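Notes follow the structure.
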Amino acid sequence: MPAPQASTPKAVPARGAGTAPLRATHHPHGGVAPAGQAGASAAGSAGSAKTLPPAEPAGAPGGYAEGYRDGVFAGGEALVAQHIPPDHILPAVAAADLIAAGFRQYAPSLTRLASPHEVADQIQGALVAQRPLSVVRLGDGELLTLAADTVLPGEQVQELAPFLPYAGVPRSVPEIRAALAESIQGADWVGVPISRAPTFQGLLFPVMRHFGIDWSRLKLTSSTINYSLHHAGLLLPILQGRRVLVIGSQASGLGALLLSHGIHVTGMIGSVAGVMDVPRVVQETAAHSFDIALVAAGVPAVILCRRIAGELGRVALDFGHLADKLVTGELHL
């Protein structure tokens with residue numbers, strides 16, 4: 002597949018070998034290991050020269066193992082070889098060593114994302130002061146919606162993201178992209194993916210450049226901040242003593258669950274029928290009395306959270322698939 006039109010191969014790296022196509026996996030907003038863990042282990046292991054590529058997964062069949070080794074080589078040593086002049090070699094320096102050296106050069110560019118406790122403090126502060134606050138999250142659904150016909154051909158996005166209609170975007174059109182970009186620009190906190198995969202960070206920065214969004218001016222946290230708040234035990238304390246409105250297809254189940262934990266749920270708004278249904282949902286939301294809205298509505302949640310904060314003056318949290326996991330019992334409050 003062709004590289005994104007408004008980016009470079011470095012901005013949108015392929016998985017494994019350089020010629021591999023983009024694949025949209027639709028993990029919930031780029032969920033990966035907690036920030037720093039994977040990077041720290043990789044950095045720690047890259048300090049000494051490595052003459053062999055990483056071992057293939059244990060028990061892998063022969064053909065897979067061969068493909069894995071070829072992919073590791075194409076994505077590492079073969080890329081290094083492109084920079085070595087003819088009739089030269091670089092003895093005893095592995096690709097991992099070069100990556101480590103290059104990373105040290107770029108370390109000053111590292112950007113820290115706000116922690117769950119910091120975001121929780123901001124939400125609590127807004128609730129106490131009765132001021133608006135929006136927390137939105139960007140995953141592959143939002144980024145592919147923005148990328149369609151801008152940094153990627155629309156046909157490629159349709160192939161990469163067959164889940165978009167389920168996520169609330171039957172078709173990415175200029176009006177939807179403009180509303181989504183404006184909501185990101187105006188949100189108080191923006192969750193961004195930690196994953197550097199092609200359809201996560203690989204699209205994040207090209208998309209922001211295209212829409213003129215200066216990411217350095219945004220208040221950033223992880224796109225899995227919803228899960229992080231829950232895992233850190235911060236979610237219930239945020240909601241206790243507050244009037245809570247629940248929005249999305251799981252509104253009934255999530256509302257009942259919150260009520261069983263003593264949370265004052267003042268309203269439940271059911272399924273959001275895509276981005277075009279946002280005006281109706283905002284109008285219905287305005288009829289409720291609440292302090293904080295939990296919005297689990299796919300891509301439209303970004304626009305809804307921003308409008309709930311900006312037009313209704315309330316706190317709104319993009320709750321995402323955490324609602325599903327709590328309702329089904331996969332996770333527990």
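For the sequence shown, the positions run 2 to 334 when the working numbering is used. We put the beta carbon where it would ideally sit given N, CA and C, even for glycine. Keep in mind the model is a prediction, meaning the values are calculated, not measured.
For Ala-102, the secondary structure class from DSSP, reduced to helix, strand or coil, is helix. Distances from the CA of Gly-249 to each of His-262, Val-282, His-211 and Leu-80 were compared; the closest alpha carbon is that of Val-282.
Counting other Cβ atoms within 10 Å of its Cβ, Gln-251 reaches 16 or more and is therefore classed as buried. Separation of Val-73 and Glu-183 (C-alpha to C-alpha, rounded to the nearest whole angstrom) is 39 Å. Measuring C-alpha to C-alpha distances from His-322 to each of Val-279, His-231 and Leu-153 identifies His-231 as the nearest. For Ala-257, the three-state secondary structure derived from DSSP is helix. Within 10 angstroms of the beta-carbon of Ile-264 lie 16 or more other beta-carbons, which makes it buried. Per DSSP, reduced to three states, the secondary structure at Thr-146 is helical. If you keep only unbroken alpha helix (DSSP H) runs of at least 4 residues inside the segment 197–254, you get 202–211, 226–232 and 236–240.
Residue pairing by DSSP places Ser-135 opposite Ala-317 in a beta bridge. At least 8 Å separates the beta-carbon of Pro-117 from that of Ile-195.
A straight line joining the alpha-carbon of Leu-295 with that of Ala-198 spans about 28 Å. With a cutoff of 8 Å on beta-carbon distance, Cys-306 and Asp-292 are scored as not near each other. In terms of CA proximity to Ala-274, Leu-165 leads the group Leu-111, Leu-260 and Leu-165. Following the DSSP letters along the chain, one finds Thr-286 inside the alpha helix (DSSP H) bounded by residues 279–287. Pairing Gly-254 with Val-328, the inter-Cα distance amounts to about 6 Å. Apart from the 5 residues on each side of it in sequence, Ile-239 sits with its Cβ closer than 8 Å to the Cβ of Ala-121, Ile-124, Gln-125, Leu-128, Leu-230 and Ile-293 in its chain, given in chain order.
Taking one beta carbon from each stretch, the segment 183–192 and the segment 100–108 have fewer than 3 pairs nearer than 8 Å; the two do not touch.
The segment 71–124 is shown to contain no whole beta strand (DSSP E) run of 3 or more residues. In this structure, Val-276 lies away from Glu-143, with their beta-carbon atoms at least 8 Å apart. Under DSSP, Gly-268 shares a beta bridge with Leu-246. Leaving aside the five residues that flank Gln-186 on each side, the residues in its chain whose CB is nearer than 7 Å to its CB run, in chain order, Ile-214. When secondary structure is reduced to three states using DSSP, Ile-309 falls in the helix class. One thing to note: Gly-314 has its Cβ within 8 Å of the Cβ of Pro-133. DSSP, reduced to helix, strand and coil, places Ala-294 within a strand of the structure shown. Taken through DSSP and simplified to helix, strand or coil, Val-191 comes out as strand. Contact annotation: Ala-298 and Ile-309 have beta-carbon atoms that are not nearer than 8 Å. Going by DSSP, Thr-329 is part of the alpha helix (DSSP H) stretching over 323–329. In the DSSP assignment, Leu-161 falls within the alpha helix (DSSP H) that extends over 155–161. With respect to Glu-285, Ile-304 sits apart: the two C-beta atoms are not nearer than 8 Å. The Cβ-Cβ distance between Ala-188 and Ser-135 falls below 8 Å.
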